[in-house]
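Trainee: What follows is a single structure, and I will ask about it in a moment.
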Amino acid sequence: MDQPASKKPPPKHRRKRLSGIERSTAPGAIPGTLEPLAGAHAPVVTIVSYGPGGSTEHKFTTVEALGKLRGLKPVLWIDVSGLADATLIAELGKLFGLHALALEDVINVHQRPKVEEYKGHMFIVARMVHSEERTETEQFSCFLGRNFLLTFQERHGDCFGPVRERIRSARGRVCKLGPDYLCYALIDAMIDGYFPVLERYGEVLERLEDQVVESPRSSNVRDLHELKRELLLLRRAVWPHREMVNALIREENPVIEAQTRVYLRDCYDHTIQLMDIVETYREIASGLVDVHISSVSARLNEIMKVLTIIATIFIPLGFIASLYGMNFDTAASPWNMPELKWYLGYPFVLAVMGVIAGGLLWYFWRKGWLGGDRLGPR
Amino acid sequence: MDQPASKKPPPKHRRKRLSGIERSTAPGAIPGTLEPLAGAHAPVVTIVSYGPGGSTEHKFTTVEALGKLRGLKPVLWIDVSGLADATLIAELGKLFGLHALALEDVINVHQRPKVEEYKGHMFIVARMVHSEERTETEQFSCFLGRNFLLTFQERHGDCFGPVRERIRSARGRVCKLGPDYLCYALIDAMIDGYFPVLERYGEVLERLEDQVVESPRSSNVRDLHELKRELLLLRRAVWPHREMVNALIREENPVIEAQTRVYLRDCYDHTIQLMDIVETYREIASGLVDVHISSVSARLNEIMKVLTIIATIFIPLGFIASLYGMNFDTAASPWNMPELKWYLGYPFVLAVMGVIAGGLLWYFWRKGWLGGDRLGPR
Amino acid sequence: MDQPASKKPPPKHRRKRLSGIERSTAPGAIPGTLEPLAGAHAPVVTIVSYGPGGSTEHKFTTVEALGKLRGLKPVLWIDVSGLADATLIAELGKLFGLHALALEDVINVHQRPKVEEYKGHMFIVARMVHSEERTETEQFSCFLGRNFLLTFQERHGDCFGPVRERIRSARGRVCKLGPDYLCYALIDAMIDGYFPVLERYGEVLERLEDQVVESPRSSNVRDLHELKRELLLLRRAVWPHREMVNALIREENPVIEAQTRVYLRDCYDHTIQLMDIVETYREIASGLVDVHISSVSARLNEIMKVLTIIATIFIPLGFIASLYGMNFDTAASPWNMPELKWYLGYPFVLAVMGVIAGGLLWYFWRKGWLGGDRLGPR
Amino acid sequence: MDQPASKKPPPKHRRKRLSGIERSTAPGAIPGTLEPLAGAHAPVVTIVSYGPGGSTEHKFTTVEALGKLRGLKPVLWIDVSGLADATLIAELGKLFGLHALALEDVINVHQRPKVEEYKGHMFIVARMVHSEERTETEQFSCFLGRNFLLTFQERHGDCFGPVRERIRSARGRVCKLGPDYLCYALIDAMIDGYFPVLERYGEVLERLEDQVVESPRSSNVRDLHELKRELLLLRRAVWPHREMVNALIREENPVIEAQTRVYLRDCYDHTIQLMDIVETYREIASGLVDVHISSVSARLNEIMKVLTIIATIFIPLGFIASLYGMNFDTAASPWNMPELKWYLGYPFVLAVMGVIAGGLLWYFWRKGWLGGDRLGPR
Amino acid sequence: MDQPASKKPPPKHRRKRLSGIERSTAPGAIPGTLEPLAGAHAPVVTIVSYGPGGSTEHKFTTVEALGKLRGLKPVLWIDVSGLADATLIAELGKLFGLHALALEDVINVHQRPKVEEYKGHMFIVARMVHSEERTETEQFSCFLGRNFLLTFQERHGDCFGPVRERIRSARGRVCKLGPDYLCYALIDAMIDGYFPVLERYGEVLERLEDQVVESPRSSNVRDLHELKRELLLLRRAVWPHREMVNALIREENPVIEAQTRVYLRDCYDHTIQLMDIVETYREIASGLVDVHISSVSARLNEIMKVLTIIATIFIPLGFIASLYGMNFDTAASPWNMPELKWYLGYPFVLAVMGVIAGGLLWYFWRKGWLGGDRLGPR
């Protein structure tokens, strides 16, 4: 295979999209070791404790100080955005008694969304979409215990603003309920974040559909391919959330209370809706490729019809004209092109040409080649 | 990606069809809050109470007055058409003890059909088709309790006329049985409402089939694409009803009595039939695209055959004619085109041309290019 | 969408085939009411009672008289062919204690094959094929009780002749066993009836295969589409029988005895074989469409090769000939076409033409365009 | 549909392959009757009894004599090759207490592989491949009891030679174990028999792959279609073996001992491997059809490029040449083709032609049409 | 079928890849016999025993000596690389009490990955990828007991270096845990070994994607076919690992401890990720074939447009030119081409030609044929 891409390197963002799914640990690394990935962001720790009585935001100093906050209020939410500090994560793991493998999954940010049960806590992985970029997702991992929720994000910036606002202003149900409800609220916010992305894809698809149906361009197929590929990657990101939410609903773990399961059911419906939309878009896009191919064929038909009509009419006429352009010596024999000397030779030949052209036009008209849309005879 | 649609906005109804599936709440909204959607209709409340003894229609005044009607007769049916009044829905929710999430689903009218069990009542979502429009569906949600049925519709106008008439005239089984039978009757009416829609698609498909098979047009592929897309959306609307009805049949809830389950089984069969028809139509439509592409190719073959026959016959003849149109000086040398001076030069050349034309025609005839339908030799 | 079918109405039988799958009751009809369909046949009632001792055929007078026959012999088989008389069916329903919904399904003859259990009897729906028509099926419904079998057919004429003959002549096992064995024998006869239909499709498919592979015609794609569509409808008719027979085998109903289940297992194998054959035929037919499209493309290649060879050889030659047909005044300048006056000008030009033609032929031969089958070079 | 096959009958072996899957009993035959099929082979009976002590081969005289052999040694293996003698089969059935339906399945040799349990014995059907023919399979049925194995083959000749040899020479485990191990050994031999067949298909596929990729011919599509069809039939033959072996492993029948189940698990793995290979071959073959279609299109492109280059260069040149072949009377007016009389008229025209040809060649070179493989510009 | 490959033998590595999946024992071989395959490598035995206290490497002398090492330390790992010595394997089997069938599977190196339970030990088969070759896999089989792990590899060289290093240096968890953890570590290393292979395929796919989208070549389809086939083979290799790891997690065998199951869950996630990536790559590759076919068609359109524009403009002009090249005798009649003698005859004809050419260009411009990308009118 040759490397034609030597001059034009493949655009960076595409390369990342395909290989962003690979596992990042070197084969043979010891399972359960914590080594931050190259390019990980520096951590920002946010600590909120709240309960029916109100919420307090704490400043992060040391992990030991953190330990004392535990149990003060019904819910302690520690959010770590940026995963560059393996020591911090390891200390948090020790403080809350977390499993080494789960901590490794926190750092190796290419996990599929999943739920894992450990003694006293659950480990949940989800993927968050960035609204500004399209199919790029960021790993969100959290440890849900009886009175704490420990969340890890790959980067700074998230879609949890409204949830934080609700905790701060003590609006909604979130302050009255435990960390399981908070966990649900975050997952719900992440899954809702996929809808605007899909909506944008829907608009792209509609624009392409209008183009392909009304005036196809050769670039449409590439755009459709691009769209299909991104929907494929999006589907792969969305699909395991369904299973993950379902596991949260069904597993008999005391960490999640019955009333939160009702809310998770709602969340589950949303993941199914997401998948439904992605699948529908993919099927429409696939169908559009067929429509495009068929449009291109129809166009070729039309081009060939024009060529055939023109060539078929003029080639015989040209033959007749060049017939009488031959230089046979009319003087040498009465058989040599006597027509050239006829009194009405020229008008007669023109008439013959007119009859041939008319006959061919009538033939094409009967074949339906002169009509616009129709492809068949009569 | 360029925006060619700047001048011609995509037709409004299509845009709606694709993006009508998105979730309507803003990401980050508090789960369980009731904010009516933009464009929701003003509610019209219809109240009927009935039992074996007959039916009474009540005028709606206040929700408190409604509370007193409860229990007077075996069945109290409250129907709210139009979801613009969140207060009314919230008060009804309080009166009947309904879950906040279910009420939110009533208002956010893009739910998939589903069944949810709550203490003392079931929450059912279905989608109703409008006969005048094609794949547009309206959300129907209902709360089914021991002695009441609370139904919510997105808009005024429905397909429940015959059921109302049966209650009014005390015909059929409906007056003798409880609210579960009423609920079944409404679901059955909604599912039956899909059949006329499908019948119309069946007619469109047959017309397209006749066209494609007998005289294909280039517009057919677009029509087929349109049809396939609408069937896709219809399938997505119909599919979850199967699961929903199945859940009603299987779940051990005292709200639904055993004899109603027998009727629901019938309803379940209808949803399977619907899916069967939709799938069959989709497969036929997909097959038609192939037939069309193949027709277009066959047409191109025919066009090229005409061009090839004409060009192949006349190009050699034209060459011979122009050969003798050359102006070599016959006087300068006896080798210079002596044919021009032959006694039978001209007839001889004409004869040669006739032989060549005849030979080529025979060759084409043997190749089968002069026959009509046959694509192959002999 | 325009209506090109205004002059040529679509052939009646095709229209029927597609829309014959729609449900026949008007939406909103009261479930469980009995209104015979338009075009239902007048009923013919045949009554046979038999047991190990022999069989008696009874004349049908009234339903009450029928009631007295019950229990006289181990098996009472009442067959009603033609469903126009709703009163008769209702009375039979009352006599045998049948459910209203089941009776409605008897009359609405577009049910999918299914099994429904009721107290004291089973309700079974199957679809019978007419050997003279191809995919048209007729509904067969039956009620199987402890000592009776009540069968309903849509039309007169069936494939039960051999079973009747066996009862009359007391041959085979049928007289020694109960109504469940009779029911099995009828279902077996119906399922066996699909095999000759499939065999005919197999022959059509083989004929098409020979044509497409040996000498494709443009009509083949339409025939293949027709075949695929009919196999699709056939599959839809056959598929639910599998589930139906399986339900009969597995359901723990005392109406069906263990030894009959052994026979039903055999019947189940046949339904699987049917599905196997239908699926195989469909896959072969789909593959043939590809072969056809590829044949048509190969044909186009061949046509274009002929055109290209002829045009490519003669267009340069024609150019040379017309070059020397130019009328530059050789007298005006020694630079003006001195070749015309050369002694060997004409033979030289002919030789040049021959070399060009030979070179091009050699080029085409090397490209492999002069060989027959090969599409590639060398 | 016309019958183009009137002159050339479809090759016999293909017809047989497609319709060989139909059921052979006439519809309406009494279930459980034994009528040998037309063309059944005369039976050859082989009797071997063996145990840890050694094996004895018995001559077959009568069925009664056979009865006495039962129980003499741990295993009695009776093999009947050829199913023409219904009486013999019926008598064997009576002797061993076999079910009539199973005996019918022995004779009607189009059964799918399956396992059926009866009191005291199991009935197993498998299909054996003939190495000399390709997808033709022969039915093997056997009855496995506590101390006997009764096997029926459609024809003489099988792949059991090595098993027989092991019994005769008391090699391997077979003599120490019961009839269940013998049964396993036979099934294993049959399933192993499919591997060489697949290997041959693999070779055909590779040859086709080399051809299609390196120098496609139009016959390749037909060969691929043939291959795909045979793999389809092979899959249908192999597929139910998986289920059959699985049933043998899982069913709690005392006839099969635990240690034999371990061996059957191995056999099960082989059936899965078979299916894997068949599916892989089918997918590769399907992909090859696409490669072929695309090769043919690329070829057409190349042909059209040659035609277009030649025609596009010479048509304008020819036009210029014929322009100066016009006979306008230069004497009549100074405006009439004064170029003809220019001193450098002819060289000038030739130069113009050269410039045009060069410009067009440069244009084609820039479009990338003069390169070999590249389809696009630059 | 002809053998065009006589001169050019199919490249060896491809043939191997397709037929490398066939079973290697001759049909009819005695199950459970140990005959090394032709070409098996000579065995190299490595023995390590370790525990929390440290690890010892032993030299292999005889199998009896080996027996004495058993139980000395918590874990005894015996690795046999190369399967040519059947006696050695048989003796090891006797020493550890292994089942004959499992030993046969060790030697017949075309097993699918699987888990089999035996009394006191488990038998596990996996497939290891060689990083230097692409889809070639090597069989890894192991017997996992309470205090030993017996591993067999097809060839020397593996990806277990890091695991061995960890044992030697007593790093990580491996020395503190039993043979089940060692077994997990080996499986994990093998599964991680697939990721670099996939990454390379991802790069190939991206390069092809760039080529097809930016400047398609006819060789791309073949490369895509090759890629799809290798992904197909890779999928077949990877797929059963999922099931195998799942079986290890779920089966209630005391040989695998609960804490190891947690690690296996991680391993399971990796197999799912592998499958996800393979499937995504396959779908993208399939989509690319469509993009390529459509590019080729668009290219053909462009070629035909150039031909049609040139031919359609010059053929009529050429006709006019040859019209006035006719030699009608203007002297014989005033009707014979009087234009030739007009004062402005020649300029007039040139003007007519200009008008025709301009009109046709305008027509093509309106059709959108002169624009670059657009395929449709306006």
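Those sequence lines, one after another, are chains A, B, C, D and E.
Taken in order, the first sequence gives residues 1 to 378; the numbers are from my numbering.
Taken in order, the second sequence gives residues 379 to 756; the numbers are from my numbering.
Taken in order, the third sequence gives residues 757 to 1134; the numbers are from my numbering.
Taken in order, the fourth sequence gives residues 1135 to 1512; the numbers are from my numbering.
Taken in order, the fifth sequence gives residues 1513 to 1890; the numbers are from my numbering.
From the three backbone atoms N, C-alpha and C, an ideal C-beta is built for every residue, glycine too.
S1467(D) CB to nearest chain C CB: under 9 angstroms?
Mentor: Answer no: the Cβ-Cβ gap between S1467(D) and chain C never drops below 9 angstroms.
Trainee: Looking at chain E, which residues of the region 1393-1404 of chain D have a Cβ within less than 9 angstroms of any of its Cβ atoms?
Mentor: Residues passing the 9 angstroms Cβ filter: V1396, Y1397, R1399, D1400, C1401, D1403, H1404.
Trainee: Can at least three beta-carbon pairs, one atom from the region 1057-1077 of chain C and one from the region 683-698 of chain B, be found at a separation below 8 angstroms?
Mentor: Judged by Cβ distances under 8 angstroms, the region 1057-1077 of chain C makes contact with the region 683-698 of chain B, as three or more pairs qualify.
Trainee: Name the chain D residues whose beta carbon is nearer than 7 angstroms to that of P1859(E)?
Mentor: The answer, in chain order, is W1469.
Trainee: A464(B): which of L481(B), S593(B), W455(B) sits nearest, CA to CA?
Mentor: Selected option, being the one with the closest Cα: L481(B).
Trainee: Cα-Cα, which of R660(B), G449(B), S673(B), I569(B) is closest to E503(B)?
Mentor: It should be noted that the sequence gives Val, not Glu, for residue 503(B). Of the candidates R660(B), G449(B), S673(B), I569(B), the one whose C-alpha sits nearest the C-alpha of V503(B) is I569(B).
Trainee: Beta strand (DSSP E) containing R1729(E): first to last residue?
Mentor: It is not in any beta strand (DSSP E) - R1729(E) carries neither H nor E in the DSSP assignment.
Trainee: Can you tell me where the beta strand (DSSP E) holding E872(C) begins and where it ends?
Mentor: 870-874 is the span of the beta strand (DSSP E), which, as asked, contains E872(C).
Trainee: Taking C-beta pairs closer than 9 angstroms, name the residues in chain B that K114(A) reaches, listed in chain order.
Mentor: Within 9 angstroms Cβ-Cβ: nothing; K114(A) doesn't reach chain B, min ~23 angstroms.
Trainee: Check whether the region 1778-1785 of chain E touches the region 1661-1671 of chain E, taking contact to mean three or more Cβ pairs, one atom from each stretch, closer than 8 angstroms.
Mentor: With the cut-off at 8 angstroms, the region 1778-1785 of chain E and the region 1661-1671 of chain E do not touch.
Trainee: Looking at the unbroken alpha helix (DSSP H) that takes in E1299(D), where does it start and where does it end?
Mentor: From DSSP, the alpha helix (DSSP H) with E1299(D) extends over 1295-1302.
Trainee: By the DSSP assignment, the beta strand (DSSP E) with L1588(E) in it spans what residues?
Mentor: Per DSSP, L1588(E) belongs to the beta strand (DSSP E) from 1587-1593.
Trainee: Would the beta-carbon of I1383(D) fall within 9 angstroms of that of L1398(D)?
Mentor: Yes, they are a contact pair.
Trainee: Just verifying my parser: in three-state terms, what is the DSSP assignment at T1414(D)?
Mentor: In the structure shown, T1414(D) sits in a helix (DSSP, three-state: H, G or I).
Trainee: Rounded to whole angstroms, what is the Cα-Cα separation between T330(A) and P347(A)?
Mentor: Near 19 angstroms, if we compare the C-alpha coordinates of P347(A) and T330(A).
Trainee: Does T62(A) pass the burial test, meaning 16 or more other C-beta atoms within 10 Å, or should it be called exposed?
Mentor: Counting Cβ neighbours within 10 Å, T62(A) comes out exposed, since fewer than 16 surround it.
Trainee: Write down the C-beta distance between H877(C) and V968(C) rounded to the nearest angstrom, noting that I regard them as a contact closer than 8 angstroms.
Mentor: That belief does not hold up - the Cβ atoms of H877(C) and V968(C) are roughly 51 angstroms apart, past 8 angstroms.
Trainee: Would the region 567-581 of chain B count as touching the region 652-668 of chain B if we require 3 or more Cβ pairs under 8 angstroms?
Mentor: Yes, the region 567-581 of chain B touches the region 652-668 of chain B.
Trainee: Start and end of the alpha helix (DSSP H) containing T1574(E)?
Mentor: It is not in any alpha helix (DSSP H) - T1574(E) carries neither H nor E in the DSSP assignment.
Trainee: Rounded C-beta distance between V1627(E) and A1759(E)? I'm assuming under 8 angstroms.
Mentor: With a Cβ gap of about 4 angstroms, V1627(E) and A1759(E) count as contacting.
Trainee: Would you tell me roughly how many angstroms separate the C-alpha atoms of E680(B) and R963(C), rounded to the nearest one?
Mentor: C-alpha separation (whole angstroms): 25 angstroms.
Trainee: Is I47(A) near L149(A), with beta carbons less than 9 angstroms apart?
Mentor: Not closer than 9 angstroms, so no.
Trainee: In chain C, which residues lie less than 9 angstroms from Q1245(D) when you measure between Cβ atoms?
Mentor: Ordered by position in chain C, the residues that pass the 9 angstroms Cβ test against Q1245(D) are D1025, Q1029.
Trainee: Report all residues from its chain with a CB closer than 6 angstroms to the CB of V109(A); omit the five preceding and five following residues, and keep chain order.
Mentor: Once the five neighbours on either side are set aside, the close Cβ partners of V109(A) are Q139, E154.
Trainee: Mind pulling the chain C residues with CB within less than 7 angstroms of L465(B)?
Mentor: Before going further, note that residue 465(B) is Thr rather than Leu in the sequence given. Here the premise fails: no neighbours, minimum Cβ distance about 33 angstroms.
Trainee: Alpha carbon to alpha carbon, how far is E604(B) from M1816(E)?
Mentor: So the alpha carbons of these two residues sit roughly 30 angstroms apart.
Trainee: Which of the three DSSP states is assigned to A42(A) in this structure?
Mentor: The answer is coil: DSSP assigns A42(A) none of H, G, I, E or B.
Trainee: Do you know how far the Cα of E1603(E) is from the Cα of F96(A)?
Mentor: One C-alpha to the other measures close to 51 angstroms.
Trainee: For chain H, check one thing: does any of its Cβ atoms lie closer than 9 angstroms to the Cβ of G1830(E)?
Mentor: Absent from the structure is chain H; the protein chains it does hold are A, B, C, D and E.
Trainee: At the level of alpha carbons, what is the spacing between V1716(E) and L1056(C)?
Mentor: Near 34 angstroms, if we compare the C-alpha coordinates of L1056(C) and V1716(E).
Trainee: Helix, strand or coil: how does DSSP classify E1650(E) here?
Mentor: Strand at E1650(E).
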